[in-house]
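Here the structure comes first, spelled out in structure tokens, and everything after it is commentary.
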Amino acid sequence: MKMYTFSKEERLCGEKLVSKLFHSGSSFVLYPFKVMWLKETEAMMFPAKIVISAPKRRFKRSVDRNLLKRRIREAYRLHKEELLYAFLRDHQLQLLLGITFIGKEVIGYDFIERRMKAMLEKLKTSCNEAAG
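Here the UniProt record's numbering is used: the first residue of the sequence shown is 1, the next is one more, and so on.
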């Protein structure tokens, strides 16, 4: 049975790791997401740590920002194990991951879920290309 959880240990918090990710990480854009990622060398409890953000500049109301972040978290929670964690465990990799929503309006969950799957697949190819 697969575990569809998203615990505190999987969330990227801490100023050092976040600044390390945004200063020296690689990135790509797959609408409606901008994805920053960085291979981590220190041992972590989970194969990936993630931070999710929605810009206040574009979404003035916190209700909209929170709704988008909740939808992104849910899509990630449901698909991370089969699309990302299995790959990371096979290649003995650990990632720091930052997902920023760059869309212009609040988008439905169905679209976010489809794009999350595509984003996780693109992340795997990006990791393979970076490995050599």
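Quick reminder that beta carbons are idealized off the backbone N, C-alpha and C, glycines included.
Query, Result
"Could you name the residues of the same chain whose beta carbon sits closer than 7 Å to that of residue 112, not counting the 5 residues immediately before and after it, in chain order?", "71, 72 and 75"
"Residue ranges of each beta strand (DSSP E) run of no fewer than 3 residues wholly in the segment 4 to 73, ordered along the chain?", "26 to 30, 33 to 39 and 48 to 53"
"Is the beta carbon of residue 36 less than 8 Å from the beta carbon of residue 17?", "no"
"Taking DSSP as the reference, what is the three-state secondary structure of residue 88?", "helix"
"Have a look at 92, 51 and 90 and flag the residue whose alpha-carbon is nearest the alpha-carbon of residue 99.", "51"
"How long is the line joining the alpha carbons of residue 109 and residue 41, rounded to whole angstroms?", "34 Å"
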